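What follows is a short report on a single structure.
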Amino acid sequence: MSAPAPCPCARAERVGSGDVPADTCAIIVAGGSGERFGDPRGKQFVELCGLPLMSWSIMAFDRAPSVARIVVVCAPERSSQVEKDVLSQLTLAKPVVLAPSGVTRQDSVRSGLGVVPRELEFVAVHDAARPLVETEQIEACVAAVRADASLAGAILAMRSIDTLKLVEGTTIIATPDRSFYWAAQTPQVFRTARLAAAHRAAVRDEYQGTDDASLVERLGGRVRVVESTRDNIKVTMPEDLAIAEATLGQRLLT
Ligand code: C5P
Numbered sequence: 001m002s003a004p005a006p007c008p009c010a011r012a013e014r015v016g017s018g019d020v021p022a023d024t025c026a027i028i029v030a031g032g033s034g035e036r037f038g039d040p041r042g043k044q045f046v047e048l049c050g051l052p053l054m055s056w057s058i059m060a061f062d063r064a065p066s067v068a069r070i071v072v073v074c075a076p077e078r079s080s081q082v083e084k085d086v087l088s089q090l091t092l093a094k095p096v097v098l099a100p101s102g103v104t105r106q107d108s109v110r111s112g113l114g115v116v117p118r119e120l121e122f123v124a125v126h127d128a129a130r131p132l133v134e135t136e137q138i139e140a141c142v143a144a145v146r147a148d149a150s151l152a153g154a155i156l157a158m159r160s161i162d163t164l165k166l167v168e169g170t171t172i173i174a175t176p177d178r179s180f181y182w183a184a185q186t187p188q189v190f191r192t193a194r195l196a197a198a199h200r201a202a203v204r205d206e207y208q209g210t211d212d213a214s215l216v217e218r219l220g221g222r223v224r225v226v227e228s229t230r231d232n233i234k235v236t237m238p239e240d241l242a243i244a245e246a247t248l249g250q251r252l253l254t
């Protein structure tokens, strides 16, 4: 995959309703093998309401006034498929560049960060496997970080609805107060410099986190949650696709 040329459109500019600055680069990670999903096409490409699954999150970010540019991270051998089956089928307002995925999700995000123009103050990392993200949720996360200089980031998350158990083997060790627990989702929005520093530190310390916020938190960065809903599911198993199809189908009707 050739290195993308610097894009003049990536300069932060004032656009959109409410004069929101376009100062955010989206990184949509779509480089997973989707083994648990079990479709040889890869779950990013399975059809959801008539389009490849990853198209829906790309469109949600394209509509977000804060987003100036979109980086899609995918396996190098899938890049022509992304161009042909996904990008060329959509009418997008924002420039999109591809970056090669890595072995882990964290490697993929780091690869995407490598092509984010540093003049874009914020970066919004999103799993392509969450096609139901809404533009308002993206904007809410960006607005939260933009509004509070003490924040390194803001992530979409959902209050725990189940009672949680700390289990060792099969034995319950504790039942923590669930009001303190939230399930992290994406997008996860950060000041670009803070996330880049967190990824550099993770490489240096050989740290593997399960999300980007954890990398920033371990450096002492303050990250807040923005409340989300169950709709923003991560399509992981084949049965998740039916749920996504029902929710999205309903939205498209209204
Ligand atoms: O595997 P999982 O569903 O947790 O992956 C979350 C997101 O990270 C997916 O959108 C997947 O495509 C992406 N990913 C990636 N590179 C990897 C592994 C996962 O971009 N090496």
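Using the working numbering, read the sequence shown as starting at 1 and increasing by one per residue. Where is the CB? At the ideal position from N, CA and C, for every residue including glycine. Just so it is clear, the structure is predicted and the values come from calculations on it, not from any experiment.
Among the options, nearest to residue i - alpha-carbon criterion
| i | options | result |
| --- | --- | --- |
| Ser-101 | Ala-198, Val-109, Pro-95 | Val-109 |
| Lys-234 | Ala-22, Gly-32, Ala-197 | Gly-32 |
| Cys-25 | Pro-131, Ser-179, Arg-118 | Arg-118 |
| Gln-185 | Ala-202, Asp-23, Leu-156 | Leu-156 |
| Ala-64 | Ala-124, Ala-154, Thr-210, Val-225 | Ala-124 |
| Thr-261 | Glu-227, Ala-147, Gly-209 | The displayed coordinates of the chain run from 1 to 254. Any statement about residue 261 would go beyond what the structure contains. |
| Arg-36 | Asp-212, Met-237, Cys-141 | Met-237 |
| Ser-150 | Phe-61, Arg-191, Leu-113 | Arg-191 |
| Ile-28 | Arg-130, Leu-92, Glu-121 | Arg-130 |
| Asp-107 | Ala-183, Val-82, Glu-206 | Glu-206 |
DSSP beta-bridge partners of residue i
| i | result |
| --- | --- |
| Ala-124 | Ala-26, Val-189 |
| Val-225 | Ile-155 |
| Pro-52 | Glu-47 |
| Val-167 | Ile-172 |
| Ala-184 | Ala-157 |
Environment of residue i [buried if 16+ CB atoms lie within 10 Å]
| i | result |
| --- | --- |
| Arg-251 | exposed |
| Asp-127 | buried |
| Ser-57 | buried |
| Arg-230 | exposed |
| Val-203 | exposed |
| Leu-90 | exposed |
| Asp-39 | exposed |
| Ala-213 | buried |
| Val-223 | buried |
| Ala-242 | exposed |
| Glu-139 | buried |
Same chain only: Cβ atoms within 8 Å of residue i, ignoring 5 sequence neighbours per side
| i | result |
| --- | --- |
| Leu-166 | Ile-172, Ile-173, Ala-174, Thr-175, Pro-176 |
| Glu-245 | Leu-48, Cys-49 |
| Glu-83 | Leu-98 |
| Ala-193 | Arg-118 |
| Ala-201 | Tyr-207, Leu-215, Arg-218, Leu-219 |
| Asp-162 | Arg-178 |
| Ala-144 | Leu-151, Ala-154, Val-189, Arg-224, Val-226 |
The alpha helix (DSSP H) enclosing residue i, as first and last residue numbers
| i | result |
| --- | --- |
| Ala-74 | It should be pointed out that residue 74 corresponds to Cys in this sequence rather than to Ala. Cys-74 -> not in any alpha helix (DSSP H); beta strand (DSSP E) instead, spanning 67 to 74. |
| Ile-138 | 135 to 147 |
| Ala-174 | Here Ala-174 belongs to no alpha helix (DSSP H); instead the beta strand (DSSP E) covers 171 to 174. |
| Val-109 | 105 to 113 |
| Glu-35 | Premise fails: Glu-35 is in no alpha helix (DSSP H) and is neither H nor E. |
| Ile-243 | 238 to 253 |
| Ser-150 | Unbroken run through Ser-150: none, as it is neither H nor E. |
| Leu-215 | 212 to 217 |
Sequence-distant residues of its chain with Cβ nearer than 6 Å to residue i (five each side left out)
| i | result |
| --- | --- |
| Cys-7 | Because the pLDDT of Cys-7 is 34, which lies under 50, any placement of that residue in the model is unreliable, and the question is left without a value. |
| Gln-44 | Ala-30, Leu-53, Met-54, Ala-128 |
| Ala-198 | Leu-215, Val-216, Leu-219 |
| Gly-221 | Ala-152, Arg-194 |
| Pro-4 | Note on Pro-4: pLDDT 42, under 50, position unreliable in the model; the coordinate value appears next. Only Val-97, Val-115 meet the Cβ criterion. |
| Gln-137 | Leu-156 |
First through last residue of the beta strand (DSSP E) which encompasses residue i
| i | result |
| --- | --- |
| Val-96 | 96 to 100 |
Cβ neighbours of residue i in the same chain (closer than 7 Å, five flanking residues each side left out)
| i | result |
| --- | --- |
| Ala-181 | It is Tyr, not Ala, that sits at residue 181 in the sequence shown. Once the five neighbours on either side are set aside, the close Cβ partners of Tyr-181 are Ser-160, Leu-164. |
| Leu-257 | Outside the shown range of the chain (1 to 254) lies residue 257, about which nothing can therefore be said. |
| Val-20 | Pro-65, Ser-66 |
| Thr-85 | The question names Thr, yet the displayed sequence has Asp at residue 85. Once the five neighbours on either side are set aside, the close Cβ partners of Asp-85 are Phe-45, Pro-52. |
| Glu-134 | Ala-60 |
| Asp-62 | Ile-70, Leu-92, Ala-93, Lys-94 |
| Val-142 | Thr-24, Ser-66, Phe-122, Ala-124, Val-189 |
beta-carbon residue i near ligand 3 non-hydrogen atom, thresh 7 Å
| i | result |
| --- | --- |
| Gly-32 | Among the ligands present in this structure, namely ligand 1, ligand 3 is not found. |
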